[in-house]
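Here is the structure we will look at, set down as structure tokens.
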Amino acid sequence: GMMLLLGFFLLSGSYCNSLDFADFNQLAKLSTGNASLLFLLALFGFGVKAGIFPLHIWLPDAHPAAPSHVSALMSGVLIKTGIYGILRVLTFLPPAPQWWGWLIAILGAAGALYGISLATQQSDIKRSLAYSTVENIGIIFLALGFGLVATAHGSPMVAMFAFAGGLLHLWNHALFKGVMFLGAGSLLHATGTRDMNRMGGLLKRMPITGTLWIGGSLAIGALPPLNGLVSEWLIYFSFIQAGAWQSGYLALVPLLLFGLLGLVGALALLAFSRLVGVCLLGLPRDLTAAKAQEVAPTMWLSITALFTGCLAIGLYPQGALLLLLRPLGYLTHAPQQHLLLTKVSPLGNSALSTLAGLLILAALVALLRRRRRSVTAATWGCGYSFPSPRMAYTGGSYARLVAKHMLPHAMSPKVLGARVSGLFAAPLHVAVQSTDAVLTRVMQPLFVGLAERCQRLRWLQQGRLSIYLVYIFLTSATLLVWSLWASGHGGG
657 GMMLLLGFFL
667 LSGSYCNSLD
677 FADFNQLAKL
687 STGNASLLFL
697 LALFGFGVKA
707 GIFPLHIWLP
717 DAHPAAPSHV
727 SALMSGVLIK
737 TGIYGILRVL
747 TFLPPAPQWW
757 GWLIAILGAA
767 GALYGISLAT
777 QQSDIKRSLA
787 YSTVENIGII
797 FLALGFGLVA
807 TAHGSPMVAM
817 FAFAGGLLHL
827 WNHALFKGVM
837 FLGAGSLLHA
847 TGTRDMNRMG
857 GLLKRMPITG
867 TLWIGGSLAI
877 GALPPLNGLV
887 SEWLIYFSFI
897 QAGAWQSGYL
907 ALVPLLLFGL
917 LGLVGALALL
927 AFSRLVGVCL
937 LGLPRDLTAA
947 KAQEVAPTMW
957 LSITALFTGC
967 LAIGLYPQGA
977 LLLLLRPLGY
987 LTHAPQQHLL
997 LTKVSPLGNS
1007 ALSTLAGLLI
1017 LAALVALLRR
1027 RRRSVTAATW
1037 GCGYSFPSPR
1047 MAYTGGSYAR
1057 LVAKHMLPHA
1067 MSPKVLGARV
1077 SGLFAAPLHV
1087 AVQSTDAVLT
1097 RVMQPLFVGL
1107 AERCQRLRWL
1117 QQGRLSIYLV
1127 YIFLTSATLL
1137 VWSLWASGHG
1147 GG
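Residue numbering for the sequence shown is 657 to 1148, as defined by my numbering.
Rendered as structure tokens:
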């Protein structure tokens, strides 16, 4: 907030002498230094609102604390206003140098990888979805930053594909993350808990909500025939084109970004197969999960509406891109924008083929189940006579491979509890806790240190009216002298 206030203070006092957006066109004549200052203030000011890495620390705590429908609005709408603010400021400033784009792209890439890594470690389903939001915001910033780099490099077609992928992913994320948060709210309403390790077997008890939640997971994992594939394909295509048009070591950078985005996608599949498998499949791990029932139609109908949007964009991506051609005109001046539509047309055709195949497969399975006599029996437990829900994967064990071999030590979850010792060990309680390294190792020590130093200024709070009147008088006198000096300096 202070960064934005300072930025608009500079606009009204030094650069434009106005807070009217119509007068901001004068900013196109700014020097590189002044324009860079405004860009950095806008990036980190609006970036806090957008949840850009490493300013995302408020987001994983705010989403679980809010009601689920509010979490859906926060993730789908609220944080996108920060992205809009950054893009709006960029349209007023002079053409962006390459380092602006690289800064946005690097922060986006780091946020995407960091967010999805922590999403795989959370047992709170809404907290896991919140870190997934950090990941998707990172993907959006990665695409937009790379678009700025391509524009500055003189590659308008690459920029067009990158910007199109970023803007479309912005809308796609609003749709499928709304499905996931509203679905999480339905699971919370039915079970009374956000802990995935206390759920299980909910697909049989909540078939409509469970099916929609699986569909949202497929969309967020960029699988056909849903919308996540379209936007991420455009971002991938921009990297491929940039790698093909560059030469030497410069061609390696977009290809490395291609691989990094692929790694993020693989971790996203792990995170959401973990959510679906632990929460919806298997046997109930808690009595409340065993008694769960489907929510009212007024709850799952809203999820259905959002999922329909995911399916519509996946089946007809050209229609969504037609709506983006006008904002793309503000960001890039690429010729032959119809190429954008021709590149996604095969995706729409393949999505229709995938959907048709899935419908045929579902019809065959339903036909076979009708012809087959149903027999109720216990699931085979590999020869073990007494299987129980305790033998199923928990959220921590499912992601153990990633936590142990891929994450750095600072991001690895902590195991709380005593170790087993002796031949006849007493019952022990062991828990796994995943913490945000940026929050615990950087932000908290920084602000705790600042707070301790600010305590030394407590003597200014005298609690006497006369002292406060002196403060007001001195402040007013200082502002009066400054305004007189500024007006005289401007007149001279």
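Cβ coordinates follow ideal geometry from the N, Cα and C atoms, glycine included.
For residue 770, count the other beta carbons within 10 Å of its own beta carbon; 16 or more makes it buried, fewer makes it exposed. Which is it?
buried
Tell me whether residue 658 is buried or exposed, calling it buried when 16 or more other Cβ atoms sit within 10 Å of its Cβ.
exposed
Could you give the DSSP three-state label for residue 1147: helix, strand or coil?
The predicted position of residue 1147 is uncertain, since its pLDDT is 48 and thus under 50; a value taken from the coordinates is nonetheless stated next. Helix at residue 1147.
Would you check if the distance between the CB atom of residue 962 and the CB atom of residue 841 is smaller than 8 Å?
no
Rounded to a whole number of angstroms, what is the C-alpha to C-alpha distance between residue 740 and residue 808?
20 Å
Rounded to whole angstroms, what's the CA-CA distance from residue 1130 to residue 1143? Just pull it up for me.
20 Å
Is the segment 935-948 close to the segment 847-859, with three or more CB pairs under 8 Å?
yes
Using only the alpha-carbon positions, how far apart do residue 866 and residue 1079 sit?
43 Å
Count the other C-beta atoms from every protein chain shown that fall within 10 angstroms of the C-beta of residue 910, then say buried if there are 16 or more, exposed otherwise.
buried
Can you tell me whether DSSP reads residue 1089 as helix, strand or coil?
strand
So, using beta-carbon positions, are residue 868 and residue 976 closer together than 8 Å?
no
Under 7 Å Cβ to Cβ from residue 1025, same chain only, skipping five residues before and after it: list those, please.
none
Please name the residue in 969, 979, 989 whose C-alpha comes closest to that of residue 1005.
969
What does the alpha-carbon distance come out to for the pair residue 1075 and residue 1044?
23 Å
CB contact flag (residue 1155, residue 772, <8 Å)
With the chain running from 657 to 1148 in the structure shown, residue 1155 is simply not present.
Contact check, residue 913 vs residue 765, beta carbons under 8 Å:
yes
Classify residue 717 as helix, strand or coil using the three-state DSSP reduction.
helix
Same chain, Cβ closer than 7 Å to residue 930, neighbours up to 5 away in sequence not counted
776, 1051, 1054, 1055
8 Å is my cut-off, CB to CB: does residue 843 come that close to chain C?
Annotation note: the requested chain C is absent from the structure, which comprises a single protein chain.
Can you tell which of 1087, 951, 784, 802 has its C-alpha closest to the C-alpha of residue 721?
784
Report all residues from its chain with a CB closer than 8 Å to the CB of residue 738; omit the five preceding and five following residues, and keep chain order.
702, 703, 704, 705, 706, 707, 708
Just tell me which of 828, 1138, 1086, 1065 has its CA closest to the CA of residue 873.
828
Excluding the 5 residues preceding and the 5 following residue 946 in the sequence, name in chain order all residues of the same chain whose CB lies nearer than 6 Å to its CB.
940
Between which two residues does the alpha helix (DSSP H) carrying residue 634 extend?
This structure does not reach residue 634, given that the chain is present from 657 up to 1148, and the question cannot be answered.
Can you give the Cα-Cα distance for residue 736 and residue 1000, rounded to whole angstroms?
24 Å
Around the Cβ of residue 1148, are there at least 16 other Cβ atoms within 10 angstroms (buried) or fewer (exposed)?
At residue 1148 the pLDDT is 47, less than 50, meaning the model places this residue with poor confidence and gives no usable figure here.
Using alpha carbons as the reference points, say which of 1094, 1038, 1087 lies closest to residue 1064.
1094
Taking 8 Å as the threshold (C-beta atoms), are residue 996 and residue 820 in contact?
yes
Beta carbon of residue 742 nearer than 8 Å to that of residue 786
no
Pull up the distance between the alpha-carbon of residue 745 and that of residue 1139, whole angstroms please.
28 Å
Continuous alpha helix (DSSP H) assignments of at least 4 residues falling wholly in the segment 849-901:
858-861, 863-876, 884-901
Look up residue 823 in the DSSP assignment and give the residues it is bridged to.
Paired residues: none, contrary to the question.
Where do the N-terminal and C-terminal ends of the alpha helix (DSSP H) with residue 1072 fall, by residue?
Taken as a continuous stretch (DSSP letters only), residue 1072 belongs to no alpha helix (DSSP H), being part of the beta strand (DSSP E) at 1070-1072.
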